[in-house]
Structure formats: C-alpha cells, structure tokens
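Heads up: the sequence lines are chains D and U, in that order. For the first sequence, position 140 matches number 139 in numbering that gives the first Met the number 0, and the numbering has no gaps at all. For the second sequence, position 225 matches number 224 in numbering that gives the first Met the number 0, and the numbering has no gaps at all.
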Amino acid sequence: MKKLFIYIFFILLATRESYSKDILLADVVESNIKIRTSFSGAEIFIYGSVESQIYDEADILIVVRGPDKNFAVRKKYKKFGIWIVGLDKINFKNMPSYYAISSSRKLDSKIYKNLFIKKQIGWENLNYNENINSNDKKRLEFYKALEQNLIKKGLLLYKEKGIAILNKSLFKAVFNLPELTPTGIYNINTYLIGNNGHLIAEWTNSIEVSKEGIAEELYNFSQNQSLMYGFFAAFAAIIAGLLASEVFRRI
Amino acid sequence: MEVYLPIAGIPVDIFILLFLGLSVGFLSGMFGVGGGFLMTPLLILMGIPPAVAVASEANHILAASFSGLLAHIRRFNVDFKMGLILLLGGILGSAIGVFILKELLSIGQERFFITVSYIFVLTSVGLWMLIESISSIQNKNKGKRKRLHEHIWMHGLPLKVRFRKSHLYISVIPPIIIGLLVGILSSIMGVGGGFVLVPAMIYIIGMPTQVVVGTSLLQIVFVTAVSTVLHSYVNQTVDVMLSSLLLVGAVIGAQIGTRVMVRLSGEQIRFFLAVIILLVAFVLIGELIVTPKDMYYVG
C-alpha cells in the first residue's frame with residue numbers, strides 16, 4: 000500500500016515537474032505515524048523532487064527532529080574499588096529527543112560549517128554556543144556521552160548517502176523510529192545546499208508520531224493518572240492472586 | 000517473542016520473563032518465601048531500571064502473597080491482632096521507603112543504593128541461615144533440642160497487649176518497630192520482607208511457628224499494596240506489564256515448588272536457600288566491581 004502511494008506520487012510529480020517552478024518539494028507518506036508498541040518501531044517515509052539542472056551542483060539534506068527534552072548526564076567513577084555514579088550532573092536543555100540526518104552524498108563538513116551552525120544542523124551544532132563553543136571541557140565530554148547514549152538507543156541517526164535519488168530529480172528517504180521513540184510533533188526540514196555551501200532552498204514538513212497498543216495505553220495511564228494507575232495495579236494484583244488461589248485449589 | 004515494557008521502556012523476550020517467573024516461583028514455593036529478594040536483582044541484571052524493578056516486583060509480590068494469605072486464612076493460621084500492630088509500622092515504613100527512593104532517583108543514586116542494600120541484606124541473611132542450618136543439622140544428629148523462645152529485655156517494654164492467637168502478652172513496641180523496618184526494606188528493595196519478618200517474628204517477638212507465615216503474609220499483602228500505589232503515584236515506576244508476566248510464570252512455578260518441598264527437611268531447605276541467597280549477593284558484588292560498559296548515566 001505504501002509502495003503504491005509512492006509510485007502514484009512519483010508519477011504525479013514527474014508529470015507536474017514540467018510546468019512546476021518549485022526548486023524543491025518534499026512530503027511525507029504518512030503524516031500521522033503510529034508506532035505499534037508490540038512490534039518493533041515504525042518508519043518515516045519522505046519523498047520529494049528537486050529541479051534536475053540544480054541537482055548536479057547541490058546536495059540534499061533531510062533533518063528529522065523529535066520533540067524537545069531536557070537531559071541530565073552524570074559520570075561514573077571508581078571509589079574504594081566500587082563503581083558509583085557521580086553526584087555532579089550537567090543539564091542539557093531543549094535537546095531533541097529524536098534526531099536523524101540523512102544526506103544525498105557524503106558532505107564536506109568544512110564547506111558547510113557556517114551554514115550548519117546557523118541552521119543548527121548536526122548534533123555538534125545544536126545549541127552550539129552553549130554546548131560546543133563554551134570551552135567547558137567537561138560539558139563537551141558529557142555532551143559527547145549523551146550523543147553516544149542516543150545513538151545506542153537508535154534515537155540519533157546519521158545516514159550519509161541515505162537519500163535515494165531517481166532520475167536526478169526524484170528522491171526518497173526512510174527514517175527508523177525505534178519502539179522507545181518519544182511521541183509528539185516531529186519537524187522535518189529538507190535542505191537543498193549548493194556545493195559552495197550556500198542554502199538554495201528549504202522545505203518544512205511536520206508529522207505527528209503517536210503510539211498505539213496496550214503498552215502505550217498503560218504508559219499514558221501511569222503518567223496522567225498516577226494515583227488511579229496505582230490503585231488499578233494493586234487491584235489487578237489482588238484479583239490475579241485470588242484467581243490463582245481459586246484455580247489451584249481445584250487442581 | 001519480544002514484548003515492550005511500557006514503564007521500563009525496553010523490549011524484553013516474553014519467554015525469558017515467563018521462565019524467570021517460573022524459576023523464582025518454583026524456589027519460593029519450595030522454600031516458602033516470597034522470592035522478591037531473588038527476582039528484583041535478576042530483573043536488574045536483565046537490564047530493567049532498578050527503580051522499575053523494585054516497584055513492579057512489589058506489585059508482583061502483592062498478587063503472589065494474596066493467594067498465599069487466602070490459603071492461610073482458610074486454615075485459621077493468621078493472628079489478625081498482631082498483623083494489625085505490625086501494619087501500623089509497616090505502612091508508615093513503606094511510605095518512608097517510597098520517598099527515600101524518590102530522593103535517590105532525583106540524584107541518580109538509586110542503582111547504587113538498591114544494589115548495596117541487596118548485598119548487605121542478602122549476605123547477612125544468607126550467612127546467618129547457612130550457619131544456623133549447618134548447626135541445626137549437626138544438633139539434630141546429636142539429638143539436642145532448642146527452646147522455642149527465650150525471654151529477653153524486649154519483653155519488659157511498656158504498652159503490653161494480649162495476643163490470644165499467638166499465646167503472647169507483650170509490648171506493642173517491638174512489633175511496630177519490626178513492621179516499620181520491614182516496610183522500609185520492602186518498598187526500597189522490592190521484596191515482601193518475609194525472609195526478615197519470619198525470623199524476627201519467631202526469634203524476637205516469640206510467636207509460635209504455625210501462625211508466623213500467615214501473619215507475615217498479612218503484613219506483606221498490605222505493605223506491598225501500599226507500596227504499589229505510592230510507587231505509582233510518587234515515582235511512576237510500576238510496570239503492570241512486567242509484573243503480570245512475572246506472575247503467570249510464578250504462580251505455576253510456586254505450585255510445582257510446593258509439591259517438591261515435602262521431600263526435603265527444614266534444615267536442608269534452609270541450607271540450599273542460604274546458598275542461593277549468597278550466590279545472588281556474590282553476583283551483585285561483581286556488578287559493583289566490574290567496569291561498567293557505559294561510563295555515563297543519562298536521565
């Protein structure tokens with residue numbers, strides 16, 4: 000079904016391109032993504048078109064950014080032969096809870112540096128002045144640790160050459176959302192960047208990522224009505240104990 | 000087959016959880032203990048966040064001990080008056096434990112604290128049981144007998160009450176303090192506390208053995224119920240998915256375990272249990288010493 004959608008869209012795009020003035024177009028197959036928690040995650044499908052004359056001198060870059068979150072990072076150290084978590088923490092505020100970048104080619108970071116800092120593209124450029132440019136060695140170290148932590152969880156992705164190009168004008172990209180992906184509004188920015196490092200065009204989409212299934216309902220219940228959830232958990236346990244006792248009395 | 004645990008935030012293999020429930024249920028049926036002190040460390044070693052392991056295990060114990068309590072009520076093995084006195088301390092202790100855990104979570108020290116508490120409690124209970132079981136196996140061979148309970152200074156305290164079911168006339172202060180300590184232990188460590196409560200009731204309060212297990216289950220049911228509600232409300236750490244999957248395995252395991260129990264003598268049971276307890280403590284000590292894979296803690 001998804002494939003069919005893309006196919007139809009590409010045909011429409013191909014016919015449309017002859018009279019279109021748009022240099023860059025991008026869209027998402029499903030703007031309402033539901034992660035079914037009993038299965039392993041979901042995907043964001045992005046497809047679009049770029050004017051074919053420009054393509055040779057430009058790169059396409061797609062950034063997917065999940066809802067903001069505050070992180071606190073602590074370091075473990077050894078004391079008396081035992082590993083303990085240090086009491087001092089570093090807070091990183093308003094960081095993306097999910098962050099993924101995909102590009103059409105391998106990007107030369109020197110040429111793009113200014114643009115990336117300005118547009119806050121790439122983990123190293125998020126809140127650049129606060130996180131990277133602060134000369135605080137410890138902060139930098141903890142920031143890198145947070146990066147590694149998110150990469151390990153599949154919440155931070157870099158995919159060079161992750162954008163597939165057809166006919167020098169049609170492109171598509173796929174981003175994986177793991178099960179523990181946070182829910183909320185995701186912003187998708189598609190950039191068309193010239194080889195000299197200048198931004199040619201930018202396109203923005205947003206999608207809503209939600210979760211469905213019993214696990215998600217339980218999670219929401221536990222967060223939104225904590226006290227009721229507690230009574231529910233206790234009551235369910237008592238009923239389960241009662242049932243177990245009745246069943247085994249008869250065996 | 001993988002199942003996603005919503006509160007723990009990780010996917011786990013459903014069969015591993017069922018097997019874990021079955022094994023610990025088997026041991027608890029065989030040894031007549033709740034099994035929380037084995038289950039919680041194993042869940043932590045599996046990668047479940049310690050605070051979630053503790054709170055969900057409290058919920059699991061509630062279910063398991065409620066069915067046990069019903070069986071003891073049917074056999075009139077519960078001293079409700081003593082249970083009520085124990086609960087005065089127990090419920091307060093449980094609340095204190097939940098708030099201690101909340102503070103620890105906010106400074107990122109819950110894993111260390113829970114692990115160390117386990118090492119401390121498991122090592123002392125394990126060693127004590129090991130020594131006690133070996134010496135009673137030896138005494139039995141020599142044909143000696145111990146007195147049921149001895150009178151110590153504690154029985155001289157004020158606020159004396161008569162407990163008909165337990166044939167006791169003692170102060171309520173020791174039961175309240177014991178209840179309080181076990182309550183704190185229970186909600187911090189995700190255990191019912193039977194392995195501390197039962198010896199305390201026999202050796203400190205001096206209750207007759209036949210009402211001890213039923214009465215301790217009464218305390219465990221109420222304390223874990225309070226823990227479940229408060230952990231959910233204060234820390235949002237109770238994973239119902241986790242506790243119910245554990246329960247399925249544990250209920251079946253306990254029934255098998257109960258049937259195996261009759262073939263072993265009391266001293267032998269205590270000896271094997273002591274060995275298992277010490278093994279878990281040993282693995283936990285290893286956890287503290289071995290260099291962690293991830294040098295950072297992200298919250």
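All C-beta atoms, glycine included, are put in the ideal place defined by N, C-alpha and C.
Apart from the five residues just before and just after residue 19 of chain D, which ones in its own chain have a Cβ nearer than 6 Å to its Cβ?
The predicted model places residue 19 of chain D with a pLDDT of 46, which falls under 50 and marks its position as unreliable, so this point remains unresolved.
For residue 106 of chain U, return the contacting residues in chain D, with the cut-off set at a CB-CB distance below 7 Å.
The answer, in chain order, is 86.
Which ranges would you report for the alpha helix (DSSP H) in the segment 154 to 241 of chain U if only whole runs of at least 4 residues count?
The segment 154 to 241 of chain U contains these whole alpha helix (DSSP H) runs: 172 to 188, 193 to 199, 208 to 229.
Using a Cβ-Cβ cut-off of less than 8 Å, list which residues of the segment 157 to 183 of chain D approach chain U; keep chain order.
Per Cβ criterion, the list reads 178, 179.
Report the option in D/174, D/166, D/162, D/48 whose CA atom is closest to the CA atom of residue 65 of chain D.
Comparing Cα positions, the closest option is D/174.
Locate the alpha helix (DSSP H) running through residue 285 of chain U, then write down its first and last residues.
Per DSSP, residue 285 of chain U belongs to the alpha helix (DSSP H) from 265 to 288.
Below 8 Å between beta carbons: does that hold for residue 23 of chain U and residue 252 of chain U?
In this structure, residue 252 of chain U lies closer than 8 Å to residue 23 of chain U by Cβ.
Should residue 314 of chain U be labelled buried (16 or more other beta-carbon atoms within 10 Å of its own) or exposed?
Outside the displayed span of chain U (0 to 298) sits residue 314 of chain U, for which this structure offers no information.
Looking at residue 22 of chain D and residue 187 of chain D, is the spacing between their C-beta atoms short of 8 Å?
In this structure, residue 22 of chain D does not lie closer than 8 Å to residue 187 of chain D by Cβ.
Are residue 5 of chain U and residue 218 of chain D closer than 8 Å when you measure CB to CB?
Yes.
Short of 8 Å in beta carbon distance, which residues of its chain neighbour residue 231 of chain U, apart from the five on each side in sequence? Order them along the chain.
Cβ within range, chain order: 54, 237.
Please list the segments of the beta strand (DSSP E) lying wholly inside the segment 140 to 213 of chain D, counting only runs of 3 or more residues, in order along the chain.
Correct list: 155 to 158, 163 to 165, 169 to 176, 183 to 193, 198 to 211.
Quick one, are the C-beta atoms of residue 177 of chain U and residue 96 of chain U less than 8 Å apart?
Against a cut-off of 8 Å, the Cβ pair of residue 96 of chain U and residue 177 of chain U comes out as no contact.
Counting along the chain, where does the beta strand (DSSP E) carrying residue 134 of chain D start and finish?
Here residue 134 of chain D belongs to no beta strand (DSSP E), and DSSP marks it neither H nor E.
Using the rule of at least 16 other Cβ atoms within 10 Å of the residue's Cβ for burial, across every protein chain shown, is residue 274 of chain U buried or exposed?
Exposed, by the Cβ-count rule.
Can you list, in chain order, the residues of its chain whose CB lies under 8 Å from that of residue 25 of chain U, leaving out five sequence neighbours each side?
Counting only Cβ-Cβ distances below 8 Å, and skipping sequence neighbours, we find 252, 253, 255, 256, 259.
Counting only Cβ pairs nearer than 8 Å, list the residues of chain U close to residue 148 of chain D.
The contacting residues are 293, 295, 297.
Contact criterion: CB-CB distance below 8 Å. Does residue 5 of chain U meet it with respect to chain D?
Yes, because at least one Cβ of chain D sits closer than 8 Å to the Cβ of residue 5 of chain U.
Excluding the five sequence neighbours on either side, which residues of its own chain have a C-beta within less than 8 Å of the C-beta of residue 24 of chain D, listed in chain order?
Within the same chain, residue 24 of chain D has close Cβ partners 12, 47, 48, 49, 202.
Taking residue 232 of chain U as the query, report the chain D residues whose CB atoms sit under 7 Å from its CB, ordered along the chain.
Simply 225, 226, 229.
Got a sec: is the Cβ-Cβ distance from residue 199 of chain D to anything in chain U below 8 Å?
Answer no: the Cβ-Cβ gap between residue 199 of chain D and chain U never drops below 8 Å.
How about the segment 52 to 72 of chain U and the segment 179 to 195 of chain U: do they share at least three Cβ pairs that are nearer than 8 Å?
Yes: the two stretches touch, three or more of their Cβ pairs being nearer than 8 Å.
In this structure, does DSSP put residue 76 of chain U in helix, strand or coil?
Residue 76 of chain U: coil per DSSP, three-state reduction.
Thinking C-alpha only, which one of D/80, D/126, D/204, D/92 is nearest residue 72 of chain D?
Comparing Cα positions, the closest option is D/92.
What three-state label does DSSP hand residue 27 of chain U in the structure shown?
Reduced to three states, the DSSP call for residue 27 of chain U is helix.
Count the other CB atoms within 10 Å of the CB of residue 80 of chain D; is the residue buried (16 or more) or exposed (fewer)?
Residue 80 of chain D should be labelled exposed.
With a 10 Å radius around its C-beta and 16 neighbouring C-beta atoms as the bar for buried, classify residue 200 of chain U as buried or exposed.
Classification for residue 200 of chain U: buried.
Classify residue 246 of chain D: buried if its beta carbon has 16 or more other beta carbons within 10 angstroms, exposed otherwise.
The residue is exposed, with fewer than 16 neighbouring Cβ atoms inside 10 Å.
Which residues, in order along the segment 74 to 108 of chain D, keep a beta-carbon less than 9 Å from a beta-carbon of chain U?
Answer set for the segment 74 to 108 of chain D: 74, 75, 76, 77, 80, 81, 82, 83, 84, 85, 86, 88.
Once you ignore the five residues that flank residue 210 of chain U on each side, which residues in its own chain have a CB closer than 7 Å to its CB?
Answer for residue 210 of chain U: 76, 77, 78, 164, 165, listed in chain order.
Does residue 215 of chain D get closer than 8 Å to chain U when you measure Cβ to Cβ?
Yes, residue 215 of chain D counts as interfacial toward chain U.
Among residues of its own chain, excluding the 5 on either side of residue 213 of chain U, which ones have a beta-carbon nearer than 6 Å to its beta-carbon?
Around residue 213 of chain U: 71, 76, 77.
Within 10 angstroms of its Cβ, does residue 290 of chain U collect 16 or more other Cβ (buried), or is it exposed?
With fewer than 16 other Cβ atoms within 10 Å, it is exposed.
What is the rounded straight-line gap between the Cα of residue 185 of chain D and the Cα of residue 246 of chain U?
Distance between the alpha carbons of residue 185 of chain D and residue 246 of chain U is about 38 Å.
Among D/166, D/235, D/196, D/88, which residue has its Cα nearest to the Cα of residue 137 of chain D?
The shortest C-alpha separation from residue 137 of chain D is found at D/88.
Could you compute how far the alpha carbon of residue 276 of chain U sits from the alpha carbon of residue 293 of chain U?
Distance between the alpha carbons of residue 276 of chain U and residue 293 of chain U is about 28 Å.
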